[in-house]
Amino acid sequence: MEMDQDTAKTLLVEGGTFVFLGVPEETQFGIDMQCWNTDEDFRGIKMIPPGLHYIHYSGVSKGTGDVSPRSGFMHYFNKKEFLVKMWDKKTEDMSKEEISEESIQRLKDNLLNLDRHLGPYPYEIWQKWKLLTSQVTAVLAQKLSPENGIIRASVELMSTTDADRPRGVKANKSVDSQENTGDDAEAKTPEGEDSAGQSDAKRAKRVTREQKEDSMLPDLKPAPGMSMRFTEIPQDKYPPGSTPEEITKHYLDQSYSLELMIAQHEEPLHIIGELQFAYLCFLIGHSLEAFEHWKNLVILICSCDDAIHKYRSVFFHFIRTIEVQIEEMPEDFLADIVMNKNLVYKKLREFFRTAYMSKVDGRLLTMIERFKENLTEKLQWDFTGLDADDEDERPVIVRLDGDEDVE
3 MEMDQDTAKT LLVEGGTFVF LGVPEETQFG IDMQCWNTDE DFRGIKMIPP GLHYIHYSGV
63 SKGTGDVSPR SGFMHYFNKK EFLVKMWDKK TEDMSKEEIS EESIQRLKDN LLNLDRHLGP
123 YPYEIWQKWK LLTSQVTAVL AQKLSPENGI IRASVELMST TDADRPRGVK ANKSVDSQEN
183 TGDDAEAKTP EGEDSAGQSD AKRAKRVTRE QKEDSMLPDL KPAPGMSMRF TEIPQDKYPP
243 GSTPEEITKH YLDQSYSLEL MIAQHEEPLH IIGELQFAYL CFLIGHSLEA FEHWKNLVIL
303 ICSCDDAIHK YRSVFFHFIR TIEVQIEEMP EDFLADIVMN KNLVYKKLRE FFRTAYMSKV
363 DGRLLTMIER FKENLTEKLQ WDFTGLDADD EDERPVIVRL DGDEDVE
């Protein structure tokens, strides 16, 4: 998209300016979805449309050309905002020191000379960027970003103290006895316990061994202030005191878990803002942690039934968001979510089926139909036969000792 004269004049007057002083030549620098290698005259970006933007950078070694992991930050530019940052040669990173008001004013007074060292914002990406960030407010971006404000592809890890490091895992008595007796464990199963009970015991045995192995490894955690602050996805998928029937219902329909997450935001649509924020942090910020959170959020939202009707606007924007996200997703990430009949495909298939069975109609159903067709065309995902159960979703036939097969 070429910028027309009226838009150019408006951005010259109202657009924001980001000044980045002391950046070495050939440093990778970008804003939003655009990235360049700087030259010796680079001083920053001008004509930035008011709104949320993602500024990012990577140091490049002069000798080897090695590129450091990407770092960056989200910032909401107000009209005419003038933001200044410095490069720290010692750390080869953006300086943590605040720029004095006097220094900023001198730069503003010298704007005519500074202007020729500022590159214009790549306006051709602006419309797509607005779609990708439609629900990410300035407050939400600050809430989800690390405490120090810097989003890093490679987070510094530190080991816990000896006092905090676990000294081992104590197995329960029943599991220990099974480990000692080996195959005799099955013979000592209490009368009336079925094969499922034996499977649970074996599973407990396996988990205990894994815990013991994990306890032998160094316990590393992100350095203070450097980890992302995503909303935690609930581990318990059902309310306390639920009956077995209710527990089954909440595992099949995870609307309860989604509501718990929504309750931690100021408004329901912020859960879509978090989905967008996580996507941008892995697409642009190269954060694998953000990729996992994005994937888990997609899986959770696709696992809901009742919430489709209660939070219609959330699901409307979910379709709009994930549609444009998949269009922008690089091939290597697509390969990760496409291979081995991945959970994203299965959950989207489940979501489409739920939407049809719940009789979703109107604009939302139209969007779902279009999204389904686009996925089939782009990824060759097969969404036929949504009215029939998949092989792994059909009722399981369990044979109990001495009984007929039951379903």
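Under my numbering, the letters of the sequence shown match residues 3 to 409, in that order. Ideal placement from N, C-alpha and C gives every residue a C-beta, glycine not left out.
Hey, quick one: how far does the beta strand (DSSP E) through residue i stretch, first residue to last?
{"i": "Ser60", "result": "Gly53 to Ser60"}
{"i": "Leu116", "result": "Here Leu116 belongs to no beta strand (DSSP E); instead the alpha helix (DSSP H) covers Leu113 to Asp117."}
{"i": "Phe31", "result": "Gln30 to Ile33"}
{"i": "Gln36", "result": "Gln36 to Asn39"}
On the premise that residue j lies in contact with residue i, defined as a C-beta separation below 8 Å, what is that separation, rounded to the nearest angstrom?
{"i": "Ser388", "j": "Arg355", "result": "Per the sequence presented here, residue 388 reads as Leu, with Ser not at that position. Going by Cβ atoms, the distance from Leu388 to Arg355 rounds to 5 Å, so yes, they are a contact pair."}
{"i": "Val138", "j": "Phe279", "result": "5 Å"}
{"i": "Ser360", "j": "His311", "result": "7 Å"}
{"i": "Ala155", "j": "Ser63", "result": "Rounded, the Cβ-Cβ distance is 16 Å, inconsistent with contact."}
{"i": "Ala292", "j": "Met230", "result": "6 Å"}
{"i": "Glu276", "j": "Leu120", "result": "Between Leu120 and Glu276 the Cβ distance is about 33 Å, and since that is not below 8 Å, they are no contact."}
{"i": "Ile127", "j": "Asp34", "result": "6 Å"}
{"i": "Tyr347", "j": "Trp383", "result": "6 Å"}
{"i": "Gly50", "j": "Tyr123", "result": "According to the sequence shown, residue 50 is Ile rather than Gly. So it is a contact: roughly 5 Å between Cβ atoms."}
{"i": "Asn150", "j": "Met228", "result": "6 Å"}
Can you tell me where the alpha helix (DSSP H) holding residue i begins and where it ends?
{"i": "Leu134", "result": "Trp128 to Leu134"}
{"i": "Gln137", "result": "Looking at the DSSP string, Gln137 is not in any alpha helix (DSSP H), and its letter there is neither H nor E."}
{"i": "Gly364", "result": "Gly364 to Leu381"}
{"i": "Gln7", "result": "Gln7 to Glu16"}
{"i": "Met263", "result": "Ser257 to Ile264"}
{"i": "Ile249", "result": "Pro246 to Leu254"}
For residue i, write down the residues that DSSP places opposite it in a beta bridge.
{"i": "Leu23", "result": "Met88"}
{"i": "Val69", "result": "Val62"}
{"i": "Phe79", "result": "Gly53"}
{"i": "Pro122", "result": "Lys48"}
{"i": "Ile153", "result": "Gly74"}
{"i": "Met96", "result": "Trp89"}
>> Across the stretch 50-60 and the stretch 70-89, are there enough close Cβ pairs to call them in contact, namely three or more that are closer than 8 Å?
In response: yes
>> Restricting to runs no shorter than 4 residues, where is the alpha helix (DSSP H) found entirely within the stretch 281-353?
In response: The alpha helix (DSSP H) runs of length 4 or more contained entirely in the stretch 281-353 are, from start to end of the chain, 290-304, 308-312, 314-330 and 333-340.
>> Across the stretch 270-284 and the stretch 311-325, are there enough close Cβ pairs to call them in contact, namely three or more that are closer than 8 Å?
In response: yes
> Looking at C-beta atoms only, is the number of pairs between the stretch 36-52 and the stretch 18-28 that lie closer than 8 Å three or more?
Replying inline: Output reads yes: the stretch 18-28 touches the stretch 36-52.
>> Could you check whether the stretch 292-304 touches the stretch 345-359, counting it as contact only if at least three pairs of C-beta atoms, one from each stretch, sit closer than 8 Å?
In response: yes
> Is it a yes or a no for the stretch 371-390 touching the stretch 323-331, going by three-plus beta-carbon pairs under 8 Å?
Replying inline: yes
>> Would the stretch 105-120 count as touching the stretch 77-90 if we require 3 or more Cβ pairs under 8 Å?
In response: yes
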